[in-house]
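Structure first, then comments.
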Amino acid sequence: MQYQDSSADFDLFRGFLVEVCGIELSNDKEYLVASRLKKVMATYQLESLPDLVQRSRSHSGREILFAVIDAMTTNETLWFRDRHPFINLENTILPELSKNNSPIKIWSAACSSGQEPYSIAMTIEQYTENSSNPSLNYSIVATDVSESMLDKCRQGIYDEYAVGRGLPEEMKERYFHPDTNGVLKINNQIRKNIRFKAKNLIESFRDLGRFDVVFCRNVLIYFPHSVKLDILNRIFESLLPGGYLLVGGSESLAGMADRFEMVSCRSGIIYRKLQHPQSH
Ligand SMILES: C[S@@+](CC[C@H](N)C(=O)[O-])C[C@H]1O[C@@H](n2cnc3c(N)ncnc32)[C@H](O)[C@@H]1O
1 MQYQDSSADF DLFRGFLVEV CGIELSNDKE YLVASRLKKV MATYQLESLP DLVQRSRSHS
61 GREILFAVID AMTTNETLWF RDRHPFINLE NTILPELSKN NSPIKIWSAA CSSGQEPYSI
121 AMTIEQYTEN SSNPSLNYSI VATDVSESML DKCRQGIYDE YAVGRGLPEE MKERYFHPDT
181 NGVLKINNQI RKNIRFKAKN LIESFRDLGR FDVVFCRNVL IYFPHSVKLD ILNRIFESLL
241 PGGYLLVGGS ESLAGMADRF EMVSCRSGII YRKLQHPQSH
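For the sequence shown, the positions run 1 to 280 when my numbering is used.
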């Protein structure tokens, strides 16, 4: 199906996308919208962007809405992305939290196809083996807005290309087993402490509980400043006292200095919830 959009239609869609999942498109992204939505338009026989917006908003349009969000998210990820968050988890965060002798609760807040939460679990398993505290209890909640990404997470199956992106050989041998057609499947030691759940970051996440550590990496960049601040404020609320927040390399916590302190580790920066946030 062919569809032509005026810039007014494109603006309507841009506003709709921010409203439903926070993602902000610059006004030169018309080509991206056209190519990403091509399949959705054809599948649901949508005639134009206004038609898509209208149908997505309707009672029966939830499936279309999810398909649109799915198509418009960027799911780029890799194992142990940027390395330093995982080094800091192992060298700074886990030694501190394990002193409390209570289960460590971690949230991977935009987990894409699972590499992030699985990398966190591998880091904890390795830490546990190397430390004098072999019975470290932990749970990871891994969420994303994209249902198709959550399906991939739950399957835990990765092809050679995905495995080749940042997964150390040693981890591959220890924590995966071969599945059919040469793909690798994550083993139960790593998946058993992870719960996958759909969560749109622009909606309340109170139902998830509270956490010692939140990974919210490489997703805030897609949101306008006001949405980003709102999400960071709610992450602050969902962190336990003294809890840690890890964001992506190109993401900053500008405007949040009254809520988080920067902790400089040997391997980069992490953020810690201030015990006594300053009021404005
Ligand atoms: C670039 S990936 C980052 C994955 C991983 N955190 C990392 O750093 O490798 C961004 C992820 O954010 C998810 N996402 C985008 N908007 C979201 C929203 N409003 N709520 C939850 N997840 C969202 C996308 O589906 C995608 O999987």
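Ideal Cβ placement from N, Cα and C applies to all residues, glycine included. Fair warning: this is a prediction, and the values are worked out from it, not measured in the lab.
Report task. Using the Cα positions of residue 248 and residue 266, report the straight-line distance between them to the nearest angstrom. Result -> Here residue 248 corresponds to residue number 248 of the sequence shown, with the count starting at 1. Here residue 266 corresponds to residue number 266 of the sequence shown, with the count starting at 1. Their backbone Cα atoms lie some 17 Å apart in a straight line.
Query raised in the report: According to DSSP, is residue 176 helix, strand or coil?
Result: As a first step, residue 176 is located in the sequence shown; it is residue number 176 there, counting from the start. It is a strand residue.
Query raised in the report: Hey, which unbroken runs of the alpha helix (DSSP H) at 4 residues or more fall wholly within the stretch 54 to 87?
Result: 62 to 72
Query - ligand 1 heavy atom lying under 6 Å from the CB of residue 121 - result: What you label residue 121 is simply residue 121 of the sequence shown in a count that begins at 1. Relative to ligand 1, residue 121 has its C-beta separated by 6 Å or more from all heavy atoms.
Report task. Return yes when at least one heavy atom of ligand 1 lies under 6 Å from the C-beta of residue 76, else no. Result -> For the purposes of this step, residue 76 is taken as residue 76 along the sequence shown, with counting starting at 1. Look at residue 76: its beta carbon is less than 6 Å from one of the heavy atoms in ligand 1.
Report task. Could you say which of 251, 243, 269 and 7 lies nearest to residue 276 if we only look at CA atoms? Result -> Indexing the sequence shown from 1 puts residue 276 at position 276. Selected option, being the one with the closest Cα: 243.
Query raised in the report: For ligand 1, is there a heavy atom less than 6 Å away from the beta-carbon of residue 110?
Result: Position 110 of the sequence shown, counted from the first residue, corresponds to residue 110. Distances from the CB of residue 110 to the heavy atoms of ligand 1 include at least one below 6 Å.
Query - Distance, residue 101 Cα to residue 66 Cα - result: As a working mapping, residue 66 is identified with position 66 in the sequence shown. As a working mapping, residue 101 is identified with position 101 in the sequence shown. Roughly 40 Å separates the two Cα atoms.
Requested in this report: Look at the alpha carbon of residue 118 and the alpha carbon of residue 58, and state the distance between them as a whole number of angstroms.
Outcome: As a working mapping, residue 118 is identified with position 118 in the sequence shown. As a working mapping, residue 58 is identified with position 58 in the sequence shown. For residue 118 and residue 58, the distance between alpha carbons rounds to 37 Å.
Report task. Rounded to whole angstroms, what's the CA-CA distance from residue 39 to residue 74? Just pull it up for me. Result -> The sequence position of residue 39 within the sequence shown is 39, counting from 1. The sequence position of residue 74 within the sequence shown is 74, counting from 1. Roughly 16 Å between the two C-alpha positions.
Query - Runs of alpha helix (DSSP H) wholly within the stretch 87 to 171 (minimum 4 residues, chain order) - result: 94 to 97, 115 to 130, 147 to 155 and 160 to 163
Query raised in the report: Helix, strand or coil: how does DSSP classify residue 30 here?
Result: Working through the sequence shown from its first residue, we reach residue 30 at position 30. The answer is helix: DSSP assigns residue 30 an H, G or I state.
Query raised in the report: If you drop the 5 nearest sequence neighbours on each side, which residues of the same chain put their C-beta closer than 6 Å to that of residue 154?
Result: What you label residue 154 is simply residue 154 of the sequence shown in a count that begins at 1. Counting only Cβ-Cβ distances below 6 Å, and skipping sequence neighbours, we find 196.
Report task. Given a cut-off of 7 Å, decide if residue 15 and residue 202 are closer than it, judged by their beta-carbon atoms. Result -> What you label residue 202 is simply residue 202 of the sequence shown in a count that begins at 1. What you label residue 15 is simply residue 15 of the sequence shown in a count that begins at 1. No, these two residues do not count as a Cβ contact at 7 Å.
Query raised in the report: Apart from the five residues on each side of it in sequence, which residues of its chain come closer than 6 Å, Cβ to Cβ, to residue 82?
Result: The residue you call residue 82 lines up with position 82 of the sequence shown. Result list for residue 82: 249, in chain order.
**Report entry** Cβ pair residue 144, residue 121 closer than 7 Å
**Finding:** Counting from one through the sequence shown, the residue named residue 144 turns up at place 144. Counting from one through the sequence shown, the residue named residue 121 turns up at place 121. Contact: no.
Requested in this report: Would you tell me roughly how many angstroms separate the C-alpha atoms of residue 1 and residue 46, rounded to the nearest one?
Outcome: As a working mapping, residue 1 is identified with position 1 in the sequence shown. As a working mapping, residue 46 is identified with position 46 in the sequence shown. Reliability of the predicted coordinates at residue 1 is poor, the pLDDT of 42 falling under 50, and the value obtained from them is presented with this limitation in mind. Looking at the two C-alpha atoms, the distance is approximately 9 Å.
Report task. Please work out which residues of its chain come closer than 8 Å, Cβ to Cβ, to residue 104, disregarding the five sequence neighbours upstream and downstream, and give them in chain order. Result -> Locating residue 104 in the sequence shown gives position 104, counting from the first residue. 94, 97, 98, 124, 136, 137, 138, 139, 212 and 213, listed in sequence order.
**Report entry** Start-end ranges of the alpha helix (DSSP H) lying completely within the stretch 233 to 276, minimum 4 residues
**Finding:** none
Query - Host alpha helix (DSSP H) of residue 17 (start-end) - result: One-based indexing of the sequence shown puts residue 17 at position 17. Counting along the chain, the alpha helix (DSSP H) containing residue 17 begins and ends at 7 to 21.
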